Amino acid sequence: MHRVNRVAHQHRFGAHRHGFGAGALVPGERRAHHPDFDKMQARGWKAALAEADIGDSKWKAEQARALELGLDAADSIQDRTISTFARGELPHFAGINTFLKAPYAEDVRAVGNYDAAVIGVPFDGGTTYRPGTRFGPQGMRKISALYTPYNYELGVDLREQMSLCDAGDVFTIPANIEKTFDQISRAVSHIFSSGALPIIMGGDHSIGFATVRGIAQCTSKKIGIIHFDRHADIQERDL
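Quick note on my numbering: the sequence shown kicks off at 49 and runs consecutively.
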């Protein structure tokens, strides 16, 4: 569901007696392992305060669009923001799976209208062990339907603070790595040059080369790579 405002409860240390005997805590005292801290600097408090600054205009627009395209609900439904056909984020178990139920950019020439575009690369021809990562993009889209675009801990609402679309999958060539890489590079280059941030879902590790190559074709500047992995997935040329 959409964001829910939470009521914060203040916790007082040393307000009651912990056990009996010489080690018992006297009312009003503080245990040594309860350090003083400014709870207003804690992540949860910061997130709660940040939530008040996040609007809901896009959420309301999504509801209006769902009612326009999906018909008004049956007369027995009291919540009139619900449509007959599921159109949008809710309910999480229904609808056509795009990433986070973002709009589907069927016309990829329009991806420049968004801040970021998700694309799938269903390819596992570069794996040295078992195949199967070609099903990764569809799997991630399916599981992402269970999440909302709002992250309480970070105080970020992707719906309200950025525009995201799903541009579908790259047409990969299962039996030809070189041609698949050309397809990936062309897709990434198109999105990047349009001004949108390409977000790629694989796919095996080999697609990283084609992805970076697609960005390199659009800029003369150096490209930095931040690599999170247990190993670099690179070997000597002839291995």
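For glycine and all other residues, C-beta sits at the position ideal for the given N, C-alpha and C.
The structure presented is a predicted model; accordingly, all values stated were derived computationally and were not measured.
Any idea which residues DSSP pairs residue i with across the strands?
i, result
"T268", "The amino acid at residue 268 is misidentified as Thr; the sequence shows Ser. Per DSSP, none; premise fails for S268."
"V169", "G250"
"D277", "Partner(s): none; D277 has no beta bridge."
"V204", "N199"
"A164", "L212, L245"
Going along the chain, which residues of its own chain have a beta-carbon closer than 8 angstroms to the beta-carbon of residue i, five neighbours each way excluded?
i, result
"L119", "S131, T132, F133"
"R113", "R135, G136"
"G71", "For G71, the predicted structure reports a pLDDT of 49, less than 50, and the residue's modelled location is therefore unreliable. The matter cannot be settled from this model."
From the DSSP output, in three-state form, read off residue i for me.
i, result
"G180", "coil"
"S192", "helix"
"A150", "coil"
"G216", "strand"
"S131", "strand"
"D123", "coil"
"T259", "helix"
"D230", "helix"
"P139", "coil"
"E116", "helix"
"G187", "helix"
Could you check how far apart the C-beta atoms of residue i and residue j are, in whole angstroms? I think they sit under 8 angstroms.
i, j, result
"A215", "A264", "Between A264 and A215 the Cβ distance is about 20 angstroms, and since that is not below 8 angstroms, they are no contact."
"G203", "A235", "With 8 angstroms as the limit, G203 and A235 do not qualify as a contact, their Cβ atoms being about 32 angstroms apart."
"V260", "I274", "The Cβ separation is near 12 angstroms, so there is no contact."
"G187", "G243", "Incorrect: roughly 29 angstroms between the Cβ atoms, too far for contact."
"T146", "R189", "6 angstroms"
Quick check: the Cα distance between residue i and residue j, rounded to an integer number of angstroms?
i, j, result
"I225", "Q283", "17 angstroms"
"I248", "Q111", "28 angstroms"
"G136", "A158", "20 angstroms"
"G180", "P170", "9 angstroms"
"S254", "Q209", "32 angstroms"
"R278", "T176", "17 angstroms"
"P185", "N199", "22 angstroms"
"A280", "A223", "25 angstroms"
"I102", "L206", "10 angstroms"
"A109", "R178", "44 angstroms"
"I239", "P151", "16 angstroms"
"G250", "G168", "6 angstroms"
"D127", "P139", "14 angstroms"
"D217", "V166", "9 angstroms"
"G256", "F276", "12 angstroms"
Just to confirm my understanding: we take residue i, look at its own chain, exclude 5 residues before and 5 after, and list those with CB closer than 6 angstroms. What are they?
i, result
"L245", "A164"
"L148", "S192, P197"
"S237", "G262, Q265, C266"
"G69", "Legend: pLDDT at G69 = 47, less than 50; position of this residue unreliable, no value from coordinates given."
"D252", "D172, G174, T175, T181"
"S233", "A258, R261, G262"
Going along the chain, which residues of its own chain have a beta-carbon closer than 7 angstroms to the beta-carbon of residue i, five neighbours each way excluded?
i, result
"T228", "F171, G173, T220, I221"
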